Amino acid sequence: MGNAQSYIVASLSVSSAYLFYAYFYCSYKVLKTNVLRSERLPSSAYLFIKYLVKAVTRRPGRLYTTSANKWEIAYTVLNCRLETPLLRRFCSAAGYGWDYPDSKYRDIPLCFPELLCLRLMLMVLSDENFRLSPAGLARVRQSLKTLQPIDELKRGPFMLQVRLLEYRPVDAGVEVDIWLCATSRYNCPVWESILTLLSKNRLCKERGYLPEDELFYGRPGELAAGNAKQVELRVGWSAGLQCVWSFSDYSPYQVFSLLARLFGYRSQSALSLWMLSVCLAEIEKHKGVKAVTAPVSVNAHFRDPLSAPGKVMIKFWETSKEDAHSSAHHINFHMEQHGGNKVHMVGLISRS
């Protein structure tokens with residue numbers, strides 16, 4: 489009996505030491521550099537714990553100082569490979585259909601490279617020099633553009649980069665801009681995006697409609713003139729969970745959404761990444777592949793949170809602007825509450 493107990497204790501000790509070395513110590517050593525290889529990234533468990541420590545020790549909406557007063561944070565991952573099963577899961581969850589990767593003459597979805605950058609995003613948000621609490625960061629704006637077809641990432645190893653650009657105090661709290669980039673094996677940029685995340689002051693009020701949103705809402709009367717296409721979608725309670733393994737809204741509470749559902753909590757926020765992807769998927773279905781084929785730029789503003797389950801209405805319409813030098817074609821799009829007056833997201837697709 490005594491020998492058996494000693495064997496069990498020894499086995500547990502060895503296993504614990506191995507797990508600590510493999511998931512924590514190795515991850516700690518890997519993060520000593522800012523340039524990593526895809527086959528040797530820090531573990532999710534290690535980053536998750538760093539994230540939680542920062543979340544419980546810092547207050548949202550406050551800009552902290554770091555010991556080294558260093559604000560520049562950037563990470564690069566080399567030798568990345570596109571995984572078809574991951575692309576298929578994303579397409580299935582984001583409105584494209586599981587068989588989308590098998591379609592000919594259709595590019596990889598515009599939002600998919602962001603999914604590839606999620607581990608790097610978590611590295612930035614849990615970095616010791618990140619000056620905000622990562623808890624409750626909300627996406628308020630996003631711009632993305634494709635310089636080449638995203639299918640270039642299929643042709644061989646590529647590089648991913650994430651860099652913090654700036655902090656910006658605002659009435660609602662503190663905004664932070666983060667730049668993401670995917671570069672082909674020929675060292676040519678393929679896809680870029682700038683995310684604006686808000687660390688919200690708990691005392692602030694909800695932001696209302698702002699004049700600068702006119703660009704995304706379009707001209708008054710365009711909707712009434714019948715120029716808009718409308719698509720009604722049902723948002724299942726699992727809409728966010730399908731994309732997740734993700735931290736797509738950079739908050740671990742998404743990981744626990746299923747547990748909340750099991751204990752009777754029936755309302756949750758859908759992921760902003762999912763909202764944008766679904767809108768772009770519907771536009772591609774109705775306007776054709778050319779509407780989103782590179783080179784193209786997308787700008788989006790995120791408004792009222794979308795609760796699931798429920799229904800939404802997606803509206804989109806074309807506009808054009810011509811001057812002496814060039815002509816530009818735009819597609820405006822909204823995601824609105826079905827039967828209500830809440831606007832969850834507004835956006836603009838631009839082609840020159």
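Per my numbering, the sequence shown starts with residue 489, numbered consecutively.
Cβ coordinates follow ideal geometry from the N, Cα and C atoms, glycine included.
Small disclaimer: the values here were computed from a predicted structure and weren't measured.
Next on the checklist: Among the candidates V565, A581, L836, whose CA atom is the shortest distance from the CA of R607?
Outcome noted: V565
Item to check | Contacting residues, own chain, Cβ-Cβ under 6 Å from E720 (five flanking each side not counted) | outcome: M801
Item to check | Closest residue to F679 among K803, M833, C599, L570 (Cα-Cα distance) | outcome: Sequence inspection shows Trp at residue 679; the Phe mentioned does not correspond to that position. Each of K803, M833, C599, L570 was checked against the Cα of W679, and the nearest Cα belongs to C599.
Next on the checklist: Can you tell me which residues form a DSSP beta bridge with E824?
Outcome noted: M801, V831
Next on the checklist: I'd like the list of long-range same chain contacts for M647, defined as Cβ closer than 6 Å, with 5 residues on each side in sequence excluded.
Outcome noted: L566, T671
Next on the checklist: Threshold first: 3 residues or longer. Then list the beta strand (DSSP E) segments lying entirely within the region 593–665, N to C.
Outcome noted: Runs found: 626–634, 646–658.
Checklist entry - Do L683 and S614 have their C-beta atoms closer together than 8 Å? => result no
Checklist entry - Start and end of the beta strand (DSSP E) containing E527? => result Neither: E527 is in no beta strand (DSSP E) and is coded neither H nor E.
Item to check | Cα-Cα separation between A716 and E806, rounded to whole angstroms | outcome: 8 Å
Next on the checklist: Per DSSP, what are the beta-bridge partners of I819 in this structure?
Outcome noted: E806, I837
Checklist entry - What does a CB cutoff of less than 8 Å around I561 pick up in its chain, not counting 5 residues either side in sequence? => result V612, D615, N617, F618, R651, L652
Checklist entry - Start and end of the alpha helix (DSSP H) containing W762? => result 760–775
Checklist entry - Looking only at DSSP bridge pairs, what is A788 linked to? => result Q630, G835
Item to check | Span separating the alpha-carbon of R791 from that of R569 | outcome: Their Cα atoms are separated by approximately 34 Å.
Item to check | Boundaries of the alpha helix (DSSP H) in which T545 is found, first to last residue | outcome: 532–545
Next on the checklist: Comparing C-alpha positions only, which one of L641, W762, W667 sits nearest to A582?
Outcome noted: W762
Next on the checklist: For a quick check, are the C-beta atoms of G776 and S687 less than 8 Å apart?
Outcome noted: no
Checklist entry - Leaving out five residues before and five after Q630 in sequence, what residues of the same chain have Cβ atoms less than 6 Å from its Cβ? => result If we look at Q630 and ignore the five residues flanking it on each side, its Cβ neighbours are L683, A788.
Checklist entry - DSSP state of A581, grouped into three classes? => result helix
Checklist entry - Between which two residues does the beta strand (DSSP E) containing C568 stretch? => result 562–568
Checklist entry - When burial is assigned at 16 or more other CB atoms within 10 Å of the CB, is S449 buried or exposed? => result The question about residue 449 has no answer, for the chain in this structure spans 489 to 840.
Item to check | Residues of its chain near Y552, where Cβ-Cβ distance is below 6 Å and the 5 sequence neighbours each way are ignored | outcome: R619
Item to check | Inter-residue Cα distance where the pair is K773 and F804 | outcome: 12 Å
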